[in-house]
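Colleague: In UniProt numbering, the protein residues as written are 1 to 362.
The C-beta atom is built at its ideal place from N, Cα and C for all residues, glycine as well.
Have a look at this one.
In structure tokens, the structure reads:
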């Protein structure tokens, strides 16, 4: 049994050795074959690369040749196109120059026709506008009496814009309407004229009742009336504007931010006189709180009868620098003349004065 086992082991060892030898020889042969194949493939690859390089060189040369030929053809085509374009431009230029002469003449003619038509239209429009304005003014004048009679105004601010004229005013709900002159063109309009003098045609040396009720003509020189001014200024805040002019045509104005007259029982005292602004300087600041005086009713506290001395009627006090209801005269300096001392710092008479009030709207 041991003998068989030993023989079996011997056979196995012999077979193992034989197999190892066979494998070694096979591996050696395979390595040799692989080396041979690699060498053959390397040689063949080099040959292929060389052939490819030669072909690339040949193709590049052919491509360069074709590119040169194409560029030469393009240059020839461009040259022909340039020649034709230049010829076309020359022809077009000659045509344009010829047409410009004709077109310029036509345009000049059209321009003259257009200017003539525009001038004609402008003149026609101006004529129509003027005619419309005149017609409107005429129609408005026709309607004004009806408007004034039917609808009394509460203030001149309600009067038509830019149309200075006489209107009926109703100072309060329970008061009777009365006629005033509204100045609608100067200082933004809306002014009620309470005094106007410009030619000396009306004597302003009047008594108390006439200054209370008013006198003169609204179309000329006039004094509206202290009672009317009181009724207007007691209900709503008002401002005052005084316009003056000397006999040399020099103009000035004084505007006061507040203005109110008291009642007749208060002797129509100047209860409010606001801040001054303007060009005539302030000749009324000393009259504030003073009572109104006439030659037949002296309300001045000094009882110096300034209404007689100054030949007028005003809110006098001892050093009054304004006297717009004084004597109308153009002579040497005179204390009794119609004056506004601070305007030219003298007592020379004025040729023009106008006092206006306007209600203040906040």
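#1: Just checking my contact of residue 211 with residue 313 at CB under 8 Å: how many whole Å lie between their CB atoms?
#2: Among 228, 277, 261, 287, which has the Cα closest to the Cα of residue 252?
#3: Name the two residues that bound the continuous beta strand (DSSP E) containing residue 242.
#4: Would you mind sorting residue 243 into buried or exposed? The rule is 16 or more other CB atoms within 10 Å of its CB.
#5: Quick one: what's residue 215 bridged to in DSSP?
#6: Just grab the DSSP bridge partners of residue 182 for me.
#7: Alpha carbon to alpha carbon, how far is residue 39 from residue 76? Give it in angstroms, no decimals.
#8: Quick check: residue 282 and residue 207, are their CB atoms within less than 9 Å of each other?
#9: Throw me the rounded Cβ distance for the residue 324 and residue 338 pair, which I believe falls under 8 Å.
#10: So what does residue 335 bridge to, in DSSP terms?
#11: Alpha carbon to alpha carbon, what distance is there between residue 343 and residue 318?
#12: Express the C-alpha separation of residue 160 and residue 307 in angstroms, rounding to a whole number.
#13: In its own chain, which residues sit with a C-beta less than 7 Å from the C-beta of residue 380, not counting the 5 before and 5 after it?
#14: Can you tell me which residues form a DSSP beta bridge with residue 294?
#15: For the candidate residues 169, 156, 224, 152, whose alpha-carbon lies nearest to that of residue 213?
#16: How is residue 359 classed by DSSP in three states: helix, strand or coil?
#17: How long is the line joining the alpha carbons of residue 247 and residue 173, rounded to whole angstroms?
#18: Which class does residue 197 belong to by DSSP, given the choice of helix, strand or coil?
#19: Quick check on this structure: which residue in 179, 127, 163 has the alpha carbon closest to the alpha carbon of residue 169?
#20: Return the Cβ separation of residue 259 and residue 249 in integer angstroms, given the expectation that the two are a contact with Cβ distance under 8 Å.
#21: Give me the residue from 112, 356, 287 with the minimum Cα distance to residue 239.
#22: Note down, in chain order, each residue of its chain lying with its Cβ closer than 8 Å to the Cβ of residue 156, except the 5 sequence neighbours on either side.
#23: Taking only three categories from DSSP, how would you classify residue 326?
#24: Relative to the C-alpha of residue 330, which residue among 126, 175, 65, 200 is closest?
#25: What is the rounded straight-line gap between the Cα of residue 162 and the Cα of residue 109?
#26: Alpha carbon to alpha carbon, what distance is there between residue 288 and residue 197?
#27: Are residue 231 and residue 175 closer than 9 Å when you measure CB to CB?
#28: Locate the beta strand (DSSP E) running through residue 259, then write down its first and last residues.
#29: Mapping the DSSP letters down to three states, classify residue 310 as helix, strand or coil.
#30: Cβ of residue 226 within 9 Å of Cβ of residue 256?
#31: One question on the structure: do residue 164 and residue 245 come within less than 9 Å of each other, judged by their Cβ atoms?
#32: Using DSSP's beta-bridge definition, name the partner residues of residue 270.
#33: Just list the residues that DSSP pairs residue 340 with in beta bridges.
Modeller: Taking the definition as stated:
#1: Residue 211 sits at position 211 when you count from the first residue of the chain shown. Residue 313 sits at position 313 when you count from the first residue of the chain shown. Taking C-beta atoms under 8 Å as the contact rule, residue 211 and residue 313 qualify, at a distance of about 5 Å.
#2: Translated into the one-based positions of the chain shown, residue 252 becomes position 252. Looking at 228, 277, 261, 287, the one whose alpha-carbon comes closest to that of residue 252 is 277.
#3: Numbered from its first residue, the chain shown carries residue 242 at position 242. Segment 238-245, the beta strand (DSSP E) holding residue 242.
#4: Numbered from its first residue, the chain shown carries residue 243 at position 243. Burial call: buried.
#5: Numbered from its first residue, the chain shown carries residue 215 at position 215. The partner list for residue 215 (beta bridge, DSSP) reads 223.
#6: Locating residue 182 in the chain shown gives position 182, counting from the first residue. In DSSP, residue 182 forms a bridge with 165, 192.
#7: For the purposes of this step, residue 76 is taken as residue 76 along the chain shown, with counting starting at 1. For the purposes of this step, residue 39 is taken as residue 39 along the chain shown, with counting starting at 1. Cα-Cα distance, rounded: 56 Å.
#8: Counting from 1 along the chain shown, the entry for residue 282 is found at position 282. Counting from 1 along the chain shown, the entry for residue 207 is found at position 207. No, they are not a contact pair.
#9: Within the chain shown, the letter at position 324 stands for residue 324. Within the chain shown, the letter at position 338 stands for residue 338. For a cut-off of 8 Å, the C-beta gap from residue 324 to residue 338 is around 6 Å, short enough to register as a contact.
#10: Counted from its first residue, the chain shown places residue 335 at position 335. In the DSSP output, where bridge partners are listed per residue, residue 335 has none listed.
#11: The residue you call residue 318 lines up with position 318 of the chain shown. The residue you call residue 343 lines up with position 343 of the chain shown. Going from the Cα of residue 318 to the Cα of residue 343 covers about 19 Å.
#12: Residue numbering aside, residue 307 sits at position 307 when the chain shown is read from its first letter. Residue numbering aside, residue 160 sits at position 160 when the chain shown is read from its first letter. Looking at the two C-alpha atoms, the distance is approximately 38 Å.
#13: Residue 380 falls outside the range modelled here, since the chain spans only 1 to 362, and no answer is possible.
#14: Locating residue 294 in the chain shown gives position 294, counting from the first residue. Residue 294 is bridged to 297.
#15: Within the chain shown, numbered from 1, the residue matching residue 213 stands at position 213. The option with the nearest alpha carbon to residue 213 is 224.
#16: Numbered from its first residue, the chain shown carries residue 359 at position 359. Reduced to three states, the DSSP call for residue 359 is strand.
#17: Taking the first residue of the chain shown as position 1, residue 247 is located at position 247. Taking the first residue of the chain shown as position 1, residue 173 is located at position 173. Looking at the two C-alpha atoms, the distance is approximately 43 Å.
#18: For the purposes of this step, residue 197 is taken as the residue at position 197 of the chain shown. Three-state DSSP puts residue 197 in a strand.
#19: Within the chain shown, residue 169 is the residue found at index 169, counting from 1. When 179, 127, 163 are compared, the shortest CA-CA separation from residue 169 is found for 179.
#20: Within the chain shown, the letter at position 259 stands for residue 259. Within the chain shown, the letter at position 249 stands for residue 249. The C-beta distance from residue 259 to residue 249 rounds to 27 Å, too long to meet the 8 Å contact threshold.
#21: Counting from 1 along the chain shown, the entry for residue 239 is found at position 239. Taking only the C-alpha atoms, the option nearest residue 239 is 356.
#22: Locating residue 156 in the chain shown gives position 156, where the first residue counts as 1. Counting only Cβ-Cβ distances below 8 Å, and skipping sequence neighbours, we find 167, 169, 180, 182, 183, 184, 189, 190, 191, 192, 358.
#23: Taking the first residue of the chain shown as position 1, residue 326 is located at position 326. Here residue 326 sits in coil by DSSP.
#24: Within the chain shown, the letter at position 330 stands for residue 330. Ranking the options by Cα distance to residue 330, first place goes to 200.
#25: On the chain shown, position 162 is the one that residue 162 refers to. On the chain shown, position 109 is the one that residue 109 refers to. If you take the alpha carbons of residue 162 and residue 109, they lie about 45 Å apart.
#26: The residue labelled residue 197 in the question sits at position 197 within the chain shown. The residue labelled residue 288 in the question sits at position 288 within the chain shown. Cα to Cα, the separation comes out at about 23 Å.
#27: As a first step, residue 231 is located in the chain shown; it is residue number 231 there, counting from the start. As a first step, residue 175 is located in the chain shown; it is residue number 175 there, counting from the start. Going by C-beta atoms, residue 231 is nearer than 9 Å to residue 175.
#28: Here residue 259 corresponds to residue number 259 of the chain shown, with the count starting at 1. Run containing residue 259: 251-261, per the beta strand (DSSP E) assignment.
#29: Within the chain shown, residue 310 is the residue found at index 310, counting from 1. It is coil, neither helix nor strand.
#30: By one-based count along the chain shown, residue 226 stands at place 226. By one-based count along the chain shown, residue 256 stands at place 256. Contact flag unset, no.
#31: Within the chain shown, numbered from 1, the residue matching residue 164 stands at position 164. Within the chain shown, numbered from 1, the residue matching residue 245 stands at position 245. No, Cβ-Cβ distance for residue 164 and residue 245 is not below 9 Å.
#32: Here residue 270 is taken as the residue at index 270 of the chain shown, counted from 1. Note: residue 270 sits in a beta bridge opposite 261.
#33: Residue mapping note: residue 340 aligns to position 340 of the chain shown, counting from 1. Answer is 322, bridged to residue 340.
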